[in-house]
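To keep things clear, I will list the structure first and then write my remarks on it.
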Amino acid sequence: MADKGKRGLVNMTPRNELPAGVVPDCLVWELVKDNNAHLFKSGTASFTKERYNIMAKNTPVYSGLLQKGVMDIELAQSGSKILFKSMKLQDVRRPRSRTHLKKLSRSLAHVDYLRKISDETRPDLTPLLLQKYAKIAKAKIDVKLE
Numbered sequence: 159m160a161d162k163g164k165r166g167l168v169n170m171t172p173r174n175e176l177p178a179g180v181v182p183d184c185l186v187w188e189l190v191k192d193n194n195a196h197l198f199k200s201g202t203a204s205f206t207k208e209r210y211n212i213m214a215k216n217t218p219v220y221s222g223l224l225q226k227g228v229m230d231i232e233l234a235q236s237g238s239k240i241l242f243k244s245m246k247l248q249d250v251r252r253p254r255s256r257t258h259l260k261k262l263s264r265s266l267a268h269v270d271y272l273r274k275i276s277d278e279t280r281p282d283l284t285p286l287l288l289q290k291y292a293k294i295a296k297a298k299i300d301v302k303l304e
């Protein structure tokens with residue numbers, strides 16, 4: 159639908175625009191896929207050490223720099239706890255309140271909790287998250303006492 163106004167032909171149909179200050183995900187990926195500080199290559203495969211990347215693969219699906227709802231699992235430095243970090247989907251003014259950290263024991267009792275949180279945030283990564291949690295929980299860790 160077009161309208162003839164004072165400045166000539168004006169298009170009155172609404173456009174699907176992003177809010178001010180928001181960049182499309184595809185543009186962010188094109189900017190960071192080959193150039194970021196966390197990237198390292200081994201032969202033909204490229205991996206990344208960025209936070210919130212469960213599989214450490216340099217793809218837009220797993221990227222923690224690109225996705226809005228992200229989560230990560232890692233072993234604590236003491237070796238006795240597993241750290242589960244997640245970030246909310248909605249935009250929050252204070253980044254500290256956007257990030258959540260939960261310390262889990264190394265038993266498999268927390269699988270239901272992780273499944274529930276993962277299904278809310280990123281249901282496509284639920285099996286991978288649970289698989290990584292099981293590997294970390296079952297791993298034998300040598301704790302060095304100083």
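With the sequence shown counted from 1, adding 158 to any position gets you the numbering used here. Using N, Cα and C, we set each Cβ at its ideal position, and we do this for glycine too. This one's a predicted model, so the numbers in the text were calculated from it and none came from an experiment.
Of the residues LEU272, VAL186 and ILE299, which one's Cα is nearest the Cα of GLN289?
-> LEU272
Kindly indicate the opening and closing residues of the alpha helix (DSSP H) around LEU157.
-> Any answer about residue 157 is impossible in this case: the structure gives the chain only from 159 up to 304.
Classify ARG240 as buried or exposed, calling it buried when 16 or more other Cβ atoms lie within 10 Å of its own Cβ.
-> With the sequence shown as reference, residue 240 is identified as Ile, and Arg is not the correct amino acid for it. Its Cβ being crowded by 16 or more others within 10 Å, ILE240 is buried.
CB-CB length for ILE275 against SER244, believed under 8 Å = 6 Å
State buried or exposed for GLN235, treating a residue as buried only when at least 16 other CB atoms are found within 10 Å of its CB.
-> exposed
If you count every other CB in all the chains shown that lies within 10 Å of the CB of VAL349, and 16 or more means buried, which is it?
-> Outside the shown range of the chain, which is 159 to 304, sits residue 349, and nothing can be said about it.
May I ask which residues mark the beginning and end of the beta strand (DSSP E) holding THR206?
-> 203-206
Exposure label - THR279; buried when at least 16 CB within 10 Å | buried
Is the Cβ-Cβ distance between GLY222 and ARG209 less than 7 Å?
-> yes
So the alpha helix (DSSP H) LEU189 belongs to, where does it begin and stop?
-> 183-190
Identify the continuous beta strand (DSSP E) that holds VAL228 and give its terminal residues.
-> 228-233
Nearest-angstrom beta carbon gap, ASN216 and LEU197 [assumed within contact, 8 Å] | 6 Å
Look at the alpha carbon of MET229 and the alpha carbon of PHE242, and state the distance between them as a whole number of angstroms.
-> 7 Å
ILE240 in three-state terms, based on DSSP = strand
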